[in-house]
Amino acid sequence: MKPRQKRLLFIVGGMLVLAVAASFVVKAFRSNLVFFYTPTQIANGEAPHDRAFRIGGLVKQGTLKHEGVVSYFIVTDTRRDFPVSYTGILPDLFKEGRGVVAEGKLENSGVFVASEVLAKHDSNYMPPEAKAALDQAKQVEETSKTLKMN
Amino acid sequence: MNWFKYASPASFYPLAGKLIPYFAAITVVLLAIGLWISFFVAPTDFQQGEGYRIIFVHVPASWMSMFIYCVMAFWSALGLIFNTRLSGMMTQALAPTGALFAFLSLVTGSLWGKPMWGTWWVWDARLTSQLILFFLYLGYLALTSAIDDSRRRDKAGAILSLVGVVNVPIIYFSVIWWNTLHQGASVSMTKAPTMAHTMLMGMLIMALAFWGYTIAMGLKRVRCIILEREMSSEWIKKNAVE
Chain W
16 MKPRQKRLLF IVGGMLVLAV AASFVVKAFR SNLVFFYTPT QIANGEAPHD RAFRIGGLVK
76 QGTLKHEGVV SYFIVTDTRR DFPVSYTGIL PDLFKEGRGV VAEGKLENSG VFVASEVLAK
136 HDSNYMPPEA KAALDQAKQV EETSKTLKMN
Chain B
82 MNWFKYASPA SFYPLAGKLI PYFAAITVVL LAIGLWISFF VAPTDFQQGE GYRIIFVHVP
142 ASWMSMFIYC VMAFWSALGL IFNTRLSGMM TQALAPTGAL FAFLSLVTGS LWGKPMWGTW
202 WVWDARLTSQ LILFFLYLGY LALTSAIDDS RRRDKAGAIL SLVGVVNVPI IYFSVIWWNT
262 LHQGASVSMT KAPTMAHTML MGMLIMALAF WGYTIAMGLK RVRCIILERE MSSEWIKKNA
322 VE
């Protein structure tokens with residue numbers, strides 16, 4: 016074997032070992048390194064009880080209420096819901112039906128009291144006209160569905 | 082064509098000199114078109130308004146920061162295997178540009194995060210791994226500038242960039258593997274982009290402009306490194322006299 020082939024083997028071998036090690040680390044982190052818990056995970060008791068954590072999901076349609084500076088809304092992942100209260104200014108992208116990540120503590124009453132609310136938005140970018148057209152198409156589809164049902 | 086001929090600094094030096102003006106010209110033209118599309122042609126976004134326009138810099142810069150690191154790892158492997166002097170010089174020439182793009186990606190992301198998410202910074206997997214990439218670049222620059230002997234410098238730098246390259250797939254897949262505040266990819270290799278056509282065009286043209294910039298700067302810098310390192314060699318003395 017030529018020396019340079021030896022070096023090639025050595026590097027390929029080293030990179031393979033490194034890749035395996037990295038994949039183990041990533042695997043271990045996958046359960047520990049969570050930015051937020053979904054309502055279903057919290058309901059299953061996966062979220063920490065004694066310290067603050069983040070809840071992530073969608074703001075349920077029609078649940079946002081304001082009482083002075085306190086906002087109330089429900090975070091859902093379509094299977095489970097959690098009521099959240101937050102005192103402060105909500106970010107611009109915060110809207111009903113959109114993604115949200117809130118940091119805080121789960122009170123014994125079952126209400127998640129948030130100290131910080133972040134808007135999580137999706138990866139869709141389009142002009143408002145396209146969005147309007149999409150919504151309209153959806154509405155037409157839904158009405159035709161209900162018409163068929165009747 | 083014999084590609085190995087250009088592995089020698091003496092023959093690569095004039096070739097690089099000839100290529101630089103072309104890439105510089107491409108960069109200027111594409112940057113002008115890209116910025117024009119970004120600011121005047123691309124439509125306003127339906128939920129983020131005008132603020133989304135920062136992605137025309139943010140996304141291409143992030144792509145470049147990851148890609149340049151992969152190229153550095155490629156040159157490093159070549160250098161270690163074939164013992165070519167030019168590989169180490171190429172790696173070193175690309176590192177500052179990579180660090181620049183990683184920095185740009187972090188800064189533009191932060192500027193965008195404040196109005197959109199409501200925070201400058203969060204320690205989620207995507208942001209943290211990108212910050213690690215930036216530190217890897219800084220580490221590479223610090224390490225290589227701390228070693229005087231050029232052979233040992235190249236070797237140490239090569240090992241660092243080969244080890245660090247495991248971070249690149251982690252950055253790329255972080256939004257899939259973990260719950261992150263950062264959204265998923267709008268443009269990926271596996272599915273159709275979830276982005277309006279003109280916006281996508283603007284972003285791709287900006288990405289090409291950044292490519293041109295990286296190549297032109299890389300070649301320019303590698304020429305300086307060649308001159309520095311080969312100062313005492315015959316061909317430079319001969320050229321200098323002429």
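Going down the list, the protein sequences come from chains W and B.
The first sequence begins at 16 in the working numbering and counts up by one.
The second sequence begins at 82 in the working numbering and counts up by one.
Even glycine gets a Cβ: it sits at the ideal position worked out from N, Cα and C.
Asked, Found
"Same chain, Cβ closer than 7 angstroms to residue 235/B, five either side skipped, listed in chain order", "160 and 169"
"Contacting positions in the region 180-194 of chain B - beta carbon closer than 8 angstroms to chain W", "none"
"Straight-line gap, residue 243/B to residue 29/W (C-alpha atoms, nearest Å)", "9 angstroms"
"CB contact below 7 angstroms: residue 123/W versus chain B", "no"
"Proximity of residue 117/B and residue 288/B at Cβ, strictly below 7 angstroms", "no"
"Outcome for residue 135/W when other beta-carbon atoms lying within 10 angstroms are tallied against a minimum of 16", "buried"
"Near-chain W residues of the region 112-142 of chain B - C-beta to any C-beta below 9 angstroms", "123, 124, 125, 126, 127, 128, 129, 130, 132, 133 and 136"
"Cα-Cα separation between residue 246/B and residue 213/B, rounded to whole angstroms", "11 angstroms"
"From 153/B, 87/B, 269/B and 311/B, residue whose alpha carbon lies closest to that of residue 238/B", "153/B"
"Exposure label - residue 94/B; buried when at least 16 CB within 10 Å", "buried"
"C-alpha gap between residue 251/B and residue 183/B, whole angstroms", "15 angstroms"
"C-beta contact flag for residue 150/B and residue 115/B at 7 angstroms", "no"
"Residue of 84/W, 105/W and 111/W minimising C-alpha distance to residue 78/W", "111/W"
"Backbone CA spacing between residue 148/B and residue 82/W [nearest angstrom]", "49 angstroms"
"Host alpha helix (DSSP H) of residue 71/W (start-end)", "Counting along the chain, residue 71/W falls outside any alpha helix (DSSP H), though it belongs to the beta strand (DSSP E) covering 68-74."
"Test: residue 94/W CB closer than 7 angstroms to a CB of chain B", "no"
"Buried or exposed by the 16-neighbour rule on C-beta atoms within 10 Å, applied to residue 70/W", "buried"
"Closest by C-alpha distance to residue 240/B, when choosing among 195/B, 157/B and 219/B", "157/B"
"For residue 135/B, the residue or residues it bridges with in DSSP", "In the DSSP output, where bridge partners are listed per residue, residue 135/B has none listed."
"Supposed close pair residue 113/W, residue 54/W - CB separation, criterion 8 angstroms", "Between residue 54/W and residue 113/W the Cβ distance is about 15 angstroms, and since that is not below 8 angstroms, they are no contact."
"Beta-carbon proximity check, residue 45/W vs residue 163/B, cutoff 7 angstroms", "no"
"Proximity test, Cβ basis, 7 angstroms: residue 50/W and chain B", "yes"
"Residues within the region 165-179 of chain B neighbouring chain W, beta-carbon criterion of under 7 angstroms", "none"
"Selected residue, minimal CA-CA separation from residue 85/W, among 74/W, 102/W, 67/W and 126/W", "102/W"
"Residue 261/B versus residue 206/B: straight-line alpha-carbon distance, rounded", "6 angstroms"
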